[in-house]
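The numbering of the sequence shown is full-length UniProt numbering, which starts it at 1 and goes up by one.
Every residue, glycine too, gets a C-beta built ideally from N, C-alpha and C.
Predicted model, so just to flag it, every value in this text is computed and none were measured.
Please read the structure below before turning to the comments.
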Amino acid sequence: MPIHHSSRGYETGAATYVKGRPSYPPEAAEWLRDDLGVGPGRKVLEVGAGTGKFIAVLKDCGGEITAVEPVAGMREQLVRAFPEITVLAGTAESIPLPDGSVDAVVCAQAFHWFATTAALEEFRRVLTPGGRLGLIWNARDESVPWVAALTDITDHWEGDTPRYRTGNWRRVFPAPGFEAAGERHVRHAHVGSPEDVIVKRTLSVSFIAALPPERQADVERATRALIARTPELADRPEIAFPYETVMFAFRKV
Numbered sequence: 001m002p003i004h005h006s007s008r009g010y011e012t013g014a015a016t017y018v019k020g021r022p023s024y025p026p027e028a029a030e031w032l033r034d035d036l037g038v039g040p041g042r043k044v045l046e047v048g049a050g051t052g053k054f055i056a057v058l059k060d061c062g063g064e065i066t067a068v069e070p071v072a073g074m075r076e077q078l079v080r081a082f083p084e085i086t087v088l089a090g091t092a093e094s095i096p097l098p099d100g101s102v103d104a105v106v107c108a109q110a111f112h113w114f115a116t117t118a119a120l121e122e123f124r125r126v127l128t129p130g131g132r133l134g135l136i137w138n139a140r141d142e143s144v145p146w147v148a149a150l151t152d153i154t155d156h157w158e159g160d161t162p163r164y165r166t167g168n169w170r171r172v173f174p175a176p177g178f179e180a181a182g183e184r185h186v187r188h189a190h191v192g193s194p195e196d197v198i199v200k201r202t203l204s205v206s207f208i209a210a211l212p213p214e215r216q217a218d219v220e221r222a223t224r225a226l227i228a229r230t231p232e233l234a235d236r237p238e239i240a241f242p243y244e245t246v247m248f249a250f251r252k253v
């Protein structure tokens, strides 16, 4: 499966991605340990690791970490931030590791990009018997009016870009060789300046980062106008962007 054209925005927007994207709540580490068995003496692979937003959570659990990322701009940020881990060029459907070589595969904010039968077959190949697959996303809480308004600004440009919120990634489940092993939902927030957690977050969206500069400027102007007219955002040095973190675990059978 070729890499979607919208992902080219990550090549040029990797630095913006680092600042604009939220980290993960403490419950994510609990999920890794309890549902996926990540810990000392275990080998874990993150597929679609991006700039390494989730690597810090994996490191807190211990174990040997390998990351696979197809976008060169993202890999550069990842290697710079975490020189101590193994970083490989590859895709979900072509992982440069031997059969049965990892105890867990994790996809953080990424599985919707490669939700295919071929990817799941490749995950199953590299997993040990009984190994675990974990999928995790920070999903924006659109029950908050200003978050829904921000979505209206960006979604005009999404086209056919794969996204978690469409639910299309679910179509590959139930999957041969995997059984469901748990699901968790927790509230989360990205706290910081409106510039970082709203403007940079918006400009880091793949299909926005892939737009021509003049269209990106249009999106940025609309985003700043939203901030200016929203009382809980305007002239605030710090705000909280609300998310729901969703976590799914599967067991290789």
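Would you call the CB atoms of residue i and residue j closer than 7 angstroms?
| i | j | result |
| --- | --- | --- |
| PHE111 | GLU158 | no |
| VAL87 | LEU78 | yes |
| PRO83 | GLY62 | no |
| MET247 | ARG163 | no |
| GLY73 | ASP103 | no |
| VAL126 | LEU150 | no |
| HIS188 | PRO25 | yes |
| ILE136 | ALA119 | no |
| LEU36 | ALA175 | no |
| VAL68 | GLY90 | yes |
For residue i, which of helix, strand or coil comes out of DSSP?
| i | result |
| --- | --- |
| LYS252 | strand |
| THR16 | Confidence at THR16 is low in this model, with a pLDDT of 49, below 50, so the placement of that residue should be treated as unreliable; the coordinate-derived value is given next. Reduced to three states, the DSSP call for THR16 is helix. |
| ALA240 | strand |
| ASP103 | strand |
| VAL199 | helix |
| residue 278 | Look at the range of the chain in this structure, 1 to 253, and you will see that residue 278 is not part of it. |
| SER143 | coil |
| VAL205 | coil |
| ILE95 | coil |
| LEU211 | coil |
| THR245 | strand |
| HIS185 | strand |
| GLU69 | coil |
Just curious, the alpha helix (DSSP H) that residue i is in, first and last residue?
| i | result |
| --- | --- |
| ASP34 | 26-36 |
| GLY73 | 72-81 |
| TRP137 | That residue, TRP137, is in no alpha helix (DSSP H); its beta strand (DSSP E) goes 127-140. |
| LEU58 | 55-61 |
On the DSSP letters alone, give me the boundaries of the beta strand (DSSP E) that residue i sits inside.
| i | result |
| --- | --- |
| residue 263 | Here the chain has residues from 1 to 253 only, and residue 263 is not among them. |
| VAL172 | It is not in any beta strand (DSSP E) - VAL172 carries neither H nor E in the DSSP assignment. |
Leaving out the 5 sequence neighbours to the left and right, which residues in its chain are closer than 8 angstroms to residue i when beta-carbon positions are compared?
| i | result |
| --- | --- |
| PRO194 | ILE227, LEU233, ARG236, ILE239 |
| VAL147 | ARG140, ASP141, PHE241, PRO242 |
Could you name the residues of the same chain whose beta carbon sits closer than 6 angstroms to that of residue i, not counting the 5 residues immediately before and after it, in chain order?
| i | result |
| --- | --- |
| TRP169 | PHE111, HIS112, ALA115 |
| LEU133 | VAL105, PHE123, PHE250 |
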